[in-house]
Amino acid sequence: MPIDHQSGPGRQIVLCIAYTGTFYAGWQRQSNAITVQGTLEQALSQLLQEPVRVTGCSRTDAGVHARRHYSHFFTRSTLPADRLPYAISPFLPKDIVVLKAWDADGSFHARMQAQSKIYSYLIWNSSRPDPFWQQRSAFVPGLLDLSLMQQAARDLVGVHEFDSFCAAGSTAKTTSREILACSVDCPPTAHDLPPGFENAGLAADYGRLLRFVVHGSGFLYNMVRIMAGTLLYIGSGKLAPDSIPAIIAAKDRKRAGKTMPPQGLTLEYVRYADSRYADLALSGPQKELNNEL
7 MPIDHQSGPG RQIVLCIAYT GTFYAGWQRQ SNAITVQGTL EQALSQLLQE
57 PVRVTGCSRT DAGVHARRHY SHFFTRSTLP ADRLPYAISP FLPKDIVVLK
107 AWDADGSFHA RMQAQSKIYS YLIWNSSRPD PFWQQRSAFV PGLLDLSLMQ
157 QAARDLVGVH EFDSFCAAGS TAKTTSREIL ACSVDCPPTA HDLPPGFENA
207 GLAADYGRLL RFVVHGSGFL YNMVRIMAGT LLYIGSGKLA PDSIPAIIAA
257 KDRKRAGKTM PPQGLTLEYV RYADSRYADL ALSGPQKELN NEL
């Protein structure tokens, strides 16, 4: 029998993993589909030679990615936690990586103790699709006004009842959520070569990547994807730039923009009050993302 994933004998270990969700039917274990949770549990069970059940911080949908996803499990194994990321690598596919593992005291809960989450949504805005971004972004042709999208994103910040940004099928008891920060920008891409190279400036003609980043205490079903779709409508002129407050007040899903496809969405980071369950040191793009917010 698997060790109970809420409490049990042995040690509690916390994992921080990254994955691309392109070829998975989401995070949550399913009996008839390949999922991130199921794949991770199988790898842990093979490595530790015992059945393992993992509890995750977020149940990402099919096709959605994660840069920092936290989970916990119990084990009787004596394998040092700091060796686990290396030891498990041969048992995992290349699109799932254990970045770090910690020993916990048995009281940690990856989902219940999460204070807030940061998501990003990427849009490839060009007249032509880009094969390098097709599994990590949504392709949107036509001109988008970045300044209008940036202006509108600020109206999402605050405590609101986000009924208009919640897809059908939600089981949430309340639609009230707090959005702590929002931003829309154009991050550099691999097409942006340094000045002096022959094809420097090609990206300006070829297309651009738009990034919507949102930091919130929690999110409703498809909430970030609907927010991204609403900002897209504002950027394309289908909605007025000052329409967000009225959309929120209406509490009507039909008033907001479309639900964007899953491949553009990434769970960037999850924040916990206890510093033991945060990365040793944020660096590079992730540190910059947190500084922006």
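First residue of the sequence shown: 7, per my numbering; consecutive thereafter. We treat Cβ as the ideally placed atom computed from N, Cα and C, and that holds for glycine.
(message) Going by the DSSP bridge assignment, what does Tyr92 pair with across the sheet?
(response) Tyr92 pairs with nothing; no bridge assigned.
(message) I need the DSSP call for Ser77, collapsed to helix, strand or coil.
(response) Ser77: strand per DSSP, three-state reduction.
(request) Alpha carbon to alpha carbon, how far is Ala49 from Thr81? Give it in angstroms, no decimals. (result) 13 Å
(message) Below 8 Å, how does it come out for the region 19–29 and the region 101–117: are there three or more Cβ pairs, yes or no?
(response) yes
(message) By alpha-carbon positions, which one of Pro86, Ala39, Lys100, Ser126 ends up nearest to Val276?
(response) Ser126
(request) Helix, strand or coil for Ile124, going by three-state DSSP, please let me know. (result) strand
(message) For a quick check, are the C-beta atoms of Gln52 and Phe114 less than 8 Å apart?
(response) no
(request) Within its chain, find whatever has a CB closer than 8 Å to the CB of Arg65; leave out the 5 residues flanking it on each side and keep chain order. (result) Taking C-beta separations shorter than 8 Å and ignoring five residues to either side along the sequence, the partners of Arg65 in its chain run Gly32, Trp33, Gln34, following chain order.
(request) Mind reading off the beta-carbon distance from Arg337 to Ser223? Whole number of angstroms is fine, and I expect it under 8 Å. (result) This structure cannot settle anything about residue 337, because the visible part of the chain is limited to 7 through 299.
(message) Taking DSSP's pairing of strands, which residues face Lys106 in a bridge?
(response) Cys22
(request) Pick helix, strand or coil for Thr236, following the three-state DSSP scheme. (result) helix
(request) Starting from Ile185, trace the beta strand (DSSP E) both ways and give me its first and last residue. (result) 182–191
(request) Label Phe138 either buried or exposed according to how many other C-beta atoms from any shown protein chain fall within 10 Å of its C-beta, with 16 as the threshold for buried. (result) exposed
(message) Between the alpha carbons of Arg74 and Lys257, how many angstroms are there, rounded?
(response) 32 Å
(message) I need the DSSP call for Phe97, collapsed to helix, strand or coil.
(response) In the structure shown, Phe97 sits in a helix (DSSP, three-state: H, G or I).
(message) Just list the residues that DSSP pairs Phe218 with in beta bridges.
(response) Tyr127, Val190
(request) Return yes when the Cβ of Leu215 is within less than 8 Å of the Cβ of Met155, no when it is not. (result) no
(message) Taking 6 Å as the limit between beta carbons, can you name the residues of its chain near Glu167, skipping five residues before and five after?
(response) Thr181, Ser182
(message) Using 8 Å as the threshold, is the C-beta distance between Ser143 and Gly270 below it?
(response) yes
(request) Sort out for me which residues DSSP pairs Val165 with in a bridge. (result) Glu184
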